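Novice:
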Amino acid sequence: MDKKVDLRIIKTNMVLYDALVNLLKEHSFEEIKVSDICYKALVNRSTFYAHFNDKYELFMSFINDLKESFTQELKTIDQNVSLKDYYLNLIEVFLNHVEGKEDIYKAILTNNRNSIIMDMIYNTIQEDVNSRIRNNDKDVPDDIFTSYYMGAIVNVGIDWLKGNKKYTKDEMLEYLNKLMN
-16 MDKKVDLRII KTNMVLYDAL VNLLKEHSFE EIKVSDICYK ALVNRSTFYA HFNDKYELFM
44 SFINDLKESF TQELKTIDQN VSLKDYYLNL IEVFLNHVEG KEDIYKAILT NNRNSIIMDM
104 IYNTIQEDVN SRIRNNDKDV PDDIFTSYYM GAIVNVGIDW LKGNKKYTKD EMLEYLNKLM
164 N
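Residues -16 to 164 in this note's numbering are what the sequence shown lists, from first letter to last.
#1: Alpha carbon to alpha carbon, how far is Ile100 from Thr129?
#2: Buried or exposed for Leu7, please, with buried defined as at least 16 other CB atoms from any protein chain shown within 10 angstroms of its CB.
#3: Should Thr151 go down as buried or exposed, given a rule of 16 or more other Cβ atoms within 10 Å for buried?
#4: Give me the residue from Phe31, Val64, Leu78 with the minimum Cα distance to Ser18.
#5: So what does DSSP say about Lys50, is it helix, strand or coil?
#6: Measure from the alpha carbon of Lys23 to the alpha carbon of each residue in Asp1, Phe35, Tyr70, Asp153, then state which is nearest.
#7: Figure out for me which residue from Glu9, Leu49, Leu(-1), Phe42 has the closest Cα to the Cα of Val26.
#8: May I ask which residues mark the beginning and end of the alpha helix (DSSP H) holding Thr(-5)?
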């Protein structure tokens, strides 16, 4: 039996998340107060505290929801492809994810040198890679093999976003395909 979803809670969380992201576009996380979030979200402080203990809990809830969204997107990758195609598909899903949530990632990465978002990205990709890659048909241990590609995937995606998408996604994938040969 499914748990009953309270739409009011979802709506409140969404407006608080949106307010936080909008504030992060202009301020560092440390500068933002709960009162700023409430004002931007048009909710009372009592409503905020009914859902979260503080801004840190709100931020972690937001990061966890972002991670869950990304994890679901990664599950769309076909498991019956070559290792090279898997990595290219993984990069494409990552670039699509980052592009679809560009304002969020730019807000967090521009004014906030927050490693939590980088850790979330890295860990989510690593969990997917570790669940799919075993015995990579190379004379390289899986953990080294995974780390090598992880660095490439995360750095390419973040650099692409920070570089204001100097290249299209298709160009990026084409270049990466050439590199992986």
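Note that beta-carbon positions come from the ideal geometry of N, C-alpha and C, so glycine has one too. All values reported here derive from a predicted model rather than from experimental measurement.
Specialist: A quick look at the data gives this:
#1: Taking the sequence shown and counting its residues from 1, the one referred to as residue 100 is at position 117. Taking the sequence shown and counting its residues from 1, the one referred to as residue 129 is at position 146. Ile100 and Thr129 have their alpha carbons spaced roughly 20 Å apart.
#2: By one-based count along the sequence shown, residue 7 stands at place 24. The Cβ neighbour count for Leu7, taken over all protein chains shown within 10 Å, is at least 16; the residue is labelled buried.
#3: For the purposes of this step, residue 151 is identified with residue 168 of the sequence shown, where counting begins at 1. Thr151 is exposed by the Cβ-count criterion.
#4: Here residue 18 is taken as the residue at index 35 of the sequence shown, counted from 1. Distances from the alpha-carbon of Ser18 to those of Phe31, Val64, Leu78 put Phe31 closest.
#5: For the purposes of this step, residue 50 is taken as the residue at position 67 of the sequence shown. Lys50: helix per DSSP, three-state reduction.
#6: What you label residue 23 is simply residue 40 of the sequence shown in a count that begins at 1. Minimum Cα-Cα distance from Lys23 among the listed residues Asp1, Phe35, Tyr70, Asp153 corresponds to Asp1.
#7: For the purposes of this step, residue 26 is taken as residue 43 along the sequence shown, with counting starting at 1. It is Leu(-1) whose Cα lies nearest to the Cα of Val26.
#8: Translated into the one-based positions of the sequence shown, residue -5 becomes position 12. -10 to 7 is the extent of the alpha helix (DSSP H) around Thr(-5).
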